[in-house]
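Position 199, counted from 1, in the sequence shown is what UniProt numbering calls 199; the numbers after and before it change by one each time, with no gaps.
Idealized CB from N, CA, C, for every residue including glycine.
Just so it is clear, the structure is predicted and the values come from calculations on it, not from any experiment.
Below is one structure, written out as structure tokens; comments come after it.
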Amino acid sequence: MFGLSWICRAVFVFALLAELKTWVVTEGISSGNANITKNETNKVNFTRIVGGTWAKRGAYPYQVAIFVKKEFTCGGTLLDSGLHVLTAAHCINPLGREAGLLTLYFRTTVLNPLDAIHIERKAKKFVIHPFYNGTSFENDLGVITLSKPVMEIRPVKLEQVVSLNETHIGKEATVIGWGRTRQVLHPAMSSGAASNHLRHVNVTVLDAKDCSVLYYNDYELNDGKRLCATTLFGKSICQGDSGGPLLINGLQVGINSAAAGCADPRFPAIFIRVAAYIDWIKSVMGESALIAPVSDIIIAT
């Protein structure tokens, strides 16, 4: 006999597939607003929270706001060295060798550089994964080395390699970010009120096989290196806040990478699986003693 958890997961996935079929027939899948089409799966939104609730100050002390010049670009998390920040590769890859353009804000709930209690750091260098693919978003992670450590803040706890046997399917997870406040289901409705206040939203982790079906099997999501999560209740992620964490019981299991649409439950958000890269992350952190010029980008091997 089938267990209750299996039945619940099946109902959830079938509901998503039914919604997707209805939308394809009645609306068509537009390539506008970076929505994925069957032949254009490289057009994927970078992500930003839609809906959710305000996070209390101090609830996620390790959350980092990454600015390029004076513009908020991505989120990230402070690692236990106090000297490194984990984020998505696509957040820093466009900078080329200009690490000096990055400013990182810690201990901030509201995106306000004038916030008196925040801690500010410049980037010394950054490392992107050597096999990062900007089209498929495979290996979409990077590590930023700060100009000096941040010791006043509790770092995030990362999922370890031993956790890879745990699929997390059906578990409730939390996504954090600064983002839009209303759902956008149609490609023409790309605008939405943006919030400068840190928000969090609960999502459900899906089976990677089911997630691949929703993306027309154009993405290899069942390789153990990525996670998918979504909700049926109009609260999820949209453009602008990639690099932040996917948390389960306070443990970072994923890095916010990409999604099609904007808070559209028919296309789950895609996250990089932290445990699959923990050895690489640790190896990069171990290179902090290397002397390299500011603005250098190091591609670790």
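Check, Outcome
"Determine the direct distance from the alpha carbon of D140 to that of residue 306, and round the result to whole angstroms.", "This structure cannot settle anything about residue 306, because the visible part of the chain is limited to 1 through 301."
"With distances taken from CA atoms, which of L247, Y216, D241 is nearest L227?", "L247"
"Once the 5 residues before and after K122 are set aside, which same chain residues still bring their CB inside 8 angstroms of it?", "G100, L102, T103, L104, L146, S147"
"Could you check if I155 is buried or exposed, using at least 16 other CB atoms within 10 Å of its CB as the buried criterion?", "Per the sequence shown, residue 155 should be read as Pro rather than Ile. By the 10 Å Cβ count, P155 comes out buried."
"For L78, which residues from the same chain have a beta carbon less than 7 angstroms from its beta carbon, with the 5 sequence-adjacent residues on both sides left out?", "Y62, V64, V85, F106, V150, I153, P155, V156"
"Quick check: the Cα distance between R266 and L214, rounded to an integer number of angstroms?", "7 angstroms"
"Run through DSSP, which three-state label would L146 get?", "strand"
"Could you give the C-beta distance for G243 and I66, rounded to a whole number, given that I count them as a contact under 8 angstroms?", "7 angstroms"
"Report back the beta-carbon spacing between T53 and R273 to the nearest angstrom; my notes put them in contact at under 8 angstroms.", "26 angstroms between Cβ atoms; not a contact."
"Just to confirm, are residue 374 and P268 a CB contact at a threshold of 7 angstroms?", "Summary: the structure shown does not reach residue 374, with the chain confined to residues 1 through 301, and so no result is reported for it."
"Given V68, which residues of its chain have a CB within under 6 angstroms of its CB, disregarding the five upstream and five downstream residues?", "L101"
"Thinking just about the alpha-carbon of each residue, which of P245, K125, F131 is nearest to the one in V175?", "P245"
"Jot down the residue ranges of each uninterrupted beta strand (DSSP E) in the stretch 209–254, minimum 3 residues, whole runs only, in chain order.", "226–230, 236–238, 245–248"
"State the DSSP-derived secondary structure class of H90, mapped to helix, strand or coil.", "helix"
"Return the chain-ordered list of same chain residues with a C-beta closer than 6 angstroms to the C-beta of E138, the five sequence neighbours on each side being excluded.", "none"
"Looking at the unbroken alpha helix (DSSP H) that takes in K69, where does it start and where does it end?", "Where K69 is concerned, there is no enclosing alpha helix (DSSP H), given that its DSSP letter is neither H nor E."
"If you run the structure through DSSP and keep just helix, strand and coil, what is S257?", "strand"
"With a cut-off of 8 angstroms on the beta carbons, I'd call D279 and V161 a contact; round off their distance for me.", "7 angstroms"
"DSSP state of N165, grouped into three classes?", "helix"
"What would DSSP say about A59, mapped onto helix, strand or coil?", "coil"
"Going by the beta-carbon positions, is the gap between G58 and G177 smaller than 7 angstroms?", "no"
"Distance check for I144 and V127, CA to CA, integer angstroms please.", "6 angstroms"
"Would you identify the three-state DSSP class for K124, choosing helix, strand or coil?", "strand"
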